[in-house]
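Written out below as structure tokens is the structure these notes cover.
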């Protein structure tokens, strides 16, 4: 699937293209399934053309950053690519490959790349969660949030507080392992979260909503508390944080974006291996949504944009 101009899902076209050729340090993968991300939608819309981590290369080009498939020597692998995943064959840098055991489904594996590695690094690398600490997970029923809830439990969190926008989503967060789930709206947020933490300030907040919700979350942090922002789905600005308001609690605000991290370190390695192992042992449950023929990628994008999907969307060549 290729696009020759920027736009919406309608610019994706099914074409015949030459097989890509692997260079040094790369592997050609016959694609079993490709993952759909909001980053793909931004790519074809022309929103990823600036900055050090912009999608590179002239138009036309093939979008897609996640694939599951087989190598020429028969290995089943999970691979991260900057672009080129929406195809029957893709080239993956060896440092971005990981073995995928037969017990892990293609959709499960695809959910472990961008969303799974984001969840792992939020807890391990940025928040540096310690055993027994309380964790607030915003949008806990989403692709990343649902993995954060499960990993927080796996990593020894003392109390996991999920926020979500509906009773159905809150019930799902409890099913995944949250201790309590509350409405994530900004109004009344502080009171709900502190009550959910038995009246005590919280240790860690992981936020992908931004705006007034982030403002409210800051007021729930305790001594040495950490708020990590990794998105702004509200598309509303947060209030600037006066440094003194953090200093009096020795609190911290940090940001995280998985793309520059993967550009520096690669996707393969211990973090992805742990995520795959936990999934294979049924200790981690990635959300998998609908499957589409590769030629129906535009429909998958439309469903994602229209919020008609739940879980990882999968394209099948």
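Residue numbers (our numbering): 7 to 323. Even glycine gets a Cβ: it sits at the ideal position worked out from N, Cα and C.
Item, Value
"Going by Cα to Cα distance, which pick from 93, 110 and 236 is closest to residue 19?", "93"
"Could you tell me the boundaries of the alpha helix (DSSP H) in which residue 280 lies?", "276-286"
"Run the CB neighbour count on residue 204, radius 10 Å, all protein chains shown included, and call it buried at 16 or more, exposed below.", "exposed"
"Which whole runs of the beta strand (DSSP E) in the region 75-113 are 3 residues long or more, in chain order?", "82-86, 95-99 and 103-105"
"Taking the alpha carbon of residue 260 as the point to measure from, which residue in 140, 12, 134 and 17 has its own alpha carbon closest?", "134"
"Please look up how many angstroms separate the CB atoms of residue 36 and residue 76, rounded, as I've assumed it's under 8 angstroms.", "5 angstroms"
"With distances taken between CB atoms, is the gap from residue 39 to residue 96 smaller than 8 angstroms?", "no"
"Taking C-alpha atoms, which residue in 16, 150, 67 and 168 lies nearest to residue 10?", "67"
"Of all the options 227, 274 and 265, which has the alpha carbon lying nearest to the alpha carbon of residue 253?", "227"
"Tell me the DSSP bridge mates of residue 169?", "188"
"Using a Cβ-Cβ cutoff of less than 6 angstroms, which residues in the same chain neighbour residue 235 once the five nearest sequence positions on both sides are dropped?", "213 and 261"
"Quick check on residue 47: does DSSP put it in helix, strand or coil?", "helix"
"Suppose you measure from the CA of residue 14 to the CA of residue 276; what does that come to, to the nearest Å?", "36 angstroms"
"Can you check which of these residues, 69, 42 and 41, is closest to residue 52 by C-alpha distance?", "69"
"Any idea what DSSP makes of residue 14, helix, strand or coil?", "coil"
"Among residues of its own chain, excluding the 5 on either side of residue 87, which ones have a beta-carbon nearer than 6 angstroms to its beta-carbon?", "71, 96 and 98"
"Hey, out of 80, 64, 90 and 54, whose CA is closest to residue 23's CA?", "90"
"Do residue 209 and residue 140 have their C-beta atoms closer together than 8 angstroms?", "yes"
"Can you tell me the Cα-Cα spacing of residue 217 and residue 269, whole angstroms?", "28 angstroms"
"Counting C-beta neighbours from all protein chains within 10 Å, is the total for residue 162 16 or more, i.e. buried, or is it exposed?", "exposed"
"Measure the CB-CB distance between residue 286 and residue 105 and report whether it falls below 8 angstroms.", "no"
"Within 10 angstroms of the Cβ of residue 150, are there 16 or more other Cβ atoms? Answer buried if so, exposed if not.", "buried"
"At which residues does the beta strand (DSSP E) containing residue 298 begin and terminate?", "294-299"
"For residue 26, which residues from the same chain have a beta carbon less than 8 angstroms from its beta carbon, with the 5 sequence-adjacent residues on both sides left out?", "34, 90, 93, 95, 96 and 97"
"Pick helix, strand or coil for residue 182, following the three-state DSSP scheme.", "helix"
"For the ligand ZN, is there a heavy atom less than 7 angstroms away from the beta-carbon of residue 12?", "Among the components modelled here there is no ligand, and therefore nothing to report on the ligand ZN."
"Name the two residues that bound the continuous alpha helix (DSSP H) containing residue 128.", "No alpha helix (DSSP H) contains residue 128, which DSSP labels as neither H nor E."
"Suppose the cutoff is 8 angstroms on Cβ atoms and the five residues either side in sequence are ignored; what does the same chain contact list for residue 215 look like?", "144, 145, 190, 237, 238, 239 and 240"
"What's the call for residue 230, buried or exposed, on a 16-neighbour Cβ count within 10 Å?", "exposed"
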